[in-house]
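**Q** Below you'll find the structure I mean.
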Amino acid sequence: MAYSVPRPKLTLSEKVYLPAVVAGLLITIKHFFDILLGKKKITMQYPEEKWDGDLPPHYRGAPTLVKDEHGRERCVACQLCEFICPPRAITIVPGEIPEESRWRKVEKYPESFEIDMIRCIYCGLCEEVCPEQAIFLRKDYAITGLSRAEMVHDKQKLYELGGVMTGLVYKWNEKK
Amino acid sequence: MTDLLVMICVSLVKTVGLLFLVTLPMVSYTVYAERRVSAMIQDRVGPNRVGIPLTLFGFKRDIPFFGLAQPIADAVKLLLKEDFTPAHVNKLYYWLAPALAMAPSVIAVAVIPFGSQIWGEPMVIANVDVGILWVFAVSSLGVYGIVLAGWSSNSKYPFMGCIRSSSQMISYELSLALSVVPIFLICRTLNLPNIVKYQIDHGWLISPIWLKGISFQHGIDFPALTASVFSAAAFWRFLLWIPLFISFVVFTISMFAETNRLPFDLPEAETELVGGYHTEYSSMKFALFFLGEYSAMIVGCSVIVTLFFGGWHVPLLLPSTMENPYSVWGVIVGLLHIVAFFLKVALLLFLFIWVRWTLPRFRYDQLMHLGWYFFFEIALANILVVAVILAFMPK
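These protein sequence lines are chains R and H, in that order. Its first residue numbered 5, the first sequence is counted upward by one per residue in the numbering used here. Its first residue numbered 21, the second sequence is counted upward by one per residue in the numbering used here.
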């Protein structure tokens, strides 16, 4: 059945548009001057101004490897992170710690540890799964490079970004 | 013979100077202003990066300079883009249309008095008696560019854009021309420099009262000042101002429609028509439409300034006549008059931009309704009112 849309009855001031036009103009000019005179500031001028100080504690930036306070690498090359990584960004080549070494009981260390930052989705599952707390998502977010090869972080780069993390570590513990 | 040569040379210098030193740079900086103002109205920042690219020459940092080099970068980009001609277009008209859109608005500049005089030479390219008729005649030719562009593109959105453009033109040309008839009734001339002269003698037409008797040389002359506010002449002036203000509003709104600006940008209507008549254009051909649109805006604002805001006239601050136009001071005042004129134009351009980023687009039928049912009648009645007032006004 045909249905005619009910039209609202307009008052005279609504019909001549002009009061509404003037009201709108006043709103926009207010916004204009607020921004022009710097009363209101919304945009952050990115390369000059950064959020770095205000990043929330749970911020998930680039995944990195960390060392403990004695400079020993925490990773035991268990490869759990490699297996859980959803985009398969992590590649680990495990190496064996030689018989005569003092840390023979640790058994393995990562010979190479690579994270492809083009693939990484910053999900944080590697950090969550790591039994040795060796991999952490730090607050670096501007990961750039001019080639694909540059975007693959090797072990050295990962330690450089990660730095030292003190606190609970299992593998060096004698009782374990 | 030499006189003729000198005249030709002087007109050429004026034309080239006005066009390439003032109008075209003004066009590109109007685009820049449009982007910055729209950004600020929407709480954004707008282009503020492109400045002096020192990093190209091995320096550490660029100088952003508020992004003032953005129009130059845009022009370079537009020139270097691929100039693509689709296979399905009508080639001749497709190539003709951008030029036809650009040329009229530039030609219309010719009759506008953009300054008093420099070195005794009046600052208007063509001081012709048909003045404003020339502007109307030429600037309405601009619609041919749009119509040809839409039709020759052989594509549905441009075609709809060009249909809209032509019907919009028909609905608004009438009120545009009729709304300024009162001015000619009052000034008794169509010649634009003479209209400016009338406003210098009798006060700007937009102003309800015109104070007289204040000057830097002679101080304040109180009897003349009082007489300019409280007297029969001032009363008649105020009475005339009411229809003049109406014609200003009608003329300005029609100018919005004439220059295809929001709220009447139906031929372009990015959101509905994918850019309207210039959908199929790229590179410099597209840029010509852009140039045409913005120089039409500048011409429109210049006409409004000339008709209602006293042209290059600055009351109190600058003398409107020089005793010796050949002196250095005379030349400086002449230049300042040009600056004053384009400052007024710039302020009006700001109004155009401000309105564009405030109002939504009118619907098609609303626009026709407004044009035919309101502005046409208002403009007609306005002429009658002014004629009646003038008939009873004591000389």
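Glycine included, C-beta positions come from ideal geometry on N, C-alpha and C.
Within 8 Å of any Cβ in chain H, is that where the Cβ of L29 of chain R sits?
**A** It does: the Cβ of L29 of chain R has a partner Cβ on chain H nearer than 8 Å.
**Q** Under the three-state reduction of DSSP, which class applies to Y7 of chain R: helix, strand or coil?
**A** Looking at Y7 of chain R - three-state DSSP - the assignment turns out to be coil, as it is neither helix nor strand.
**Q** Whose C-beta lies closer than 7 Å to the C-beta of W261 of chain H among residues of the same chain, with five residues either side of it excluded?
**A** P228.
**Q** Determine, using beta carbons only, whether L379 of chain H comes closer than 8 Å to chain R.
**A** Closer than 8 Å: yes.
**Q** Given E111 of chain R, which residues of its chain have a CB within under 8 Å of its CB, disregarding the five upstream and five downstream residues?
**A** Result list for E111 of chain R: V80, E100, I101, in chain order.
**Q** Examine the Cβ distances between the region 342-358 of chain H and the region 288-303 of chain H and report whether three or more of them are shorter than 8 Å.
**A** Flag = no, the region 342-358 of chain H and the region 288-303 of chain H do not touch.
**Q** Is V167 of chain H closer than 8 Å to S185 of chain H when the C-beta atoms are compared?
**A** In this structure, V167 of chain H lies closer than 8 Å to S185 of chain H by Cβ.
**Q** For I266 of chain H, which option in H:V405, H:A119, H:Y52 has the closest C-alpha, if you only look at C-alpha atoms?
**A** Comparing Cα positions, the closest option is H:V405.
**Q** Any beta carbon of chain H sitting closer than 8 Å to that of H35 of chain R?
**A** Chain H, which has a Cβ nearer than 8 Å to the Cβ of H35 of chain R, makes this yes.
**Q** Looking only at C-alpha atoms, which of H:A117, H:N147, H:M388, H:F328 sits nearest to S302 of chain H?
**A** Nearest of H:A117, H:N147, H:M388, H:F328 to S302 of chain H, Cα basis: H:A117.
**Q** Which stretch, first to last residue, makes up the alpha helix (DSSP H) that contains F1 of chain R?
**A** No information on residue 1 of chain R is available, as it lies outside the stretch 5 to 180 that chain R covers here.
**Q** Comparing the C-beta of V156 of chain R with each C-beta of chain H, is any distance below 8 Å?
**A** So no, V156 of chain R is outside the interface.
**Q** With 16 as the cutoff for other CB atoms within 10 Å, does V163 of chain H come out buried or exposed?
**A** Looking at its Cβ environment, which holds 16 or more other Cβ atoms inside 10 Å, V163 of chain H is buried.
**Q** Can you list, in chain order, the residues of the region 42-64 of chain R whose Cβ is nearer than 9 Å to any Cβ on chain H?
**A** Cβ contacts with chain H come from K44, I46, T47, Q49.
**Q** Kindly list, in the order they appear in chain R, the residues whose Cβ is closer than 7 Å to that of I61 of chain H.
**A** Those within 7 Å of I61 of chain H in chain R are T32, H35, F36.
**Q** Per DSSP, which residues does I96 of chain R bridge with? Please list them.
**A** Beta-bridge pairing links I96 of chain R to R:F117.
**Q** Taking the Cβ atom as the reference point for each residue, do L369 of chain H and L356 of chain H lie within a distance shorter than 8 Å?
**A** No.
**Q** Provide the residue span of the beta strand (DSSP E) that contains P67 of chain R, from first to last.
**A** Counting along the chain, the beta strand (DSSP E) containing P67 of chain R begins and ends at 67-69.
**Q** For chain H, find out if any of its Cβ atoms is closer than 8 Å to the Cβ of L69 of chain R; answer yes or no.
**A** It does not; no Cβ of chain H falls within 8 Å.
**Q** With I220 of chain H as the anchor, note down where its alpha helix (DSSP H) starts and where it stops.
**A** 212-222 is the extent of the alpha helix (DSSP H) around I220 of chain H.
**Q** In the structure shown, what three-state DSSP assignment does P142 of chain H receive?
**A** DSSP places P142 of chain H in strand when its eight states are reduced to three.
**Q** Under the DSSP definition of a beta bridge, which residues are partnered with V156 of chain R?
**A** Partner(s): R:D120.
**Q** Using beta carbons (cut-off 8 Å, strictly below), is L14 of chain R in contact with chain H?
**A** No, because no Cβ of chain H sits closer than 8 Å to the Cβ of L14 of chain R.
**Q** Would you say V9 of chain R lies against chain H (beta-carbon separation less than 8 Å)?
**A** Not one chain H Cβ lies under 8 Å of V9 of chain R.
**Q** Relative to the C-alpha of P90 of chain R, which residue among R:Q137, R:L129, R:G149, R:V168 is closest?
**A** Nearest C-alpha to P90 of chain R: R:L129.
**Q** Would the beta-carbon of A138 of chain R fall within 8 Å of that of R76 of chain R?
**A** Not in contact: A138 of chain R and R76 of chain R (Cβ atoms no closer than 8 Å).
**Q** Who are the neighbours of I39 of chain R on chain H, taking C-beta pairs under 7 Å?
**A** What I39 of chain R touches in chain H: M60, D63.
**Q** Pull up the DSSP beta-bridge partners for V30 of chain H, would you.
**A** In the DSSP output, where bridge partners are listed per residue, V30 of chain H has none listed.
**Q** Grouping DSSP H, G and I as helix and E and B as strand, with all else coil, what is L355 of chain H?
**A** Helix.
**Q** Please classify K180 of chain R: does DSSP put it in a helix, a strand, or coil?
**A** The pLDDT assigned to K180 of chain R is 44, lower than 50, so where the model puts this residue is not dependable; a value taken from the coordinates is nonetheless given after this. The answer is coil: DSSP assigns K180 of chain R none of H, G, I, E or B.
**Q** Determine the contact status of G87 of chain H and R64 of chain H, defining contact as a CB-CB distance below 8 Å.
**A** Cβ distance not < 8 Å, so G87 of chain H and R64 of chain H don't count as in contact.
**Q** Is the CB of A146 of chain R under 8 Å away from at least one CB in chain H?
**A** For A146 of chain R, the answer is no, since every Cβ of chain H falls outside 8 Å of its Cβ.
**Q** Looking at V351 of chain H and W115 of chain H, is the spacing between their C-beta atoms short of 8 Å?
**A** Not closer than 8 Å, so no.
**Q** In chain order, what residues of the same chain lie with their CB nearer than 7 Å to the CB of L99 of chain H, ignoring the 5 residues before and after it?
**A** These residues qualify, in order along the chain: M304.
**Q** Beta strand (DSSP E) containing F140 of chain R: first to last residue?
**A** Unbroken beta strand (DSSP E) run through F140 of chain R: 139-141.
**Q** Could you tell me which residues DSSP puts in a beta bridge with E77 of chain R?
**A** Per DSSP, R:K71.
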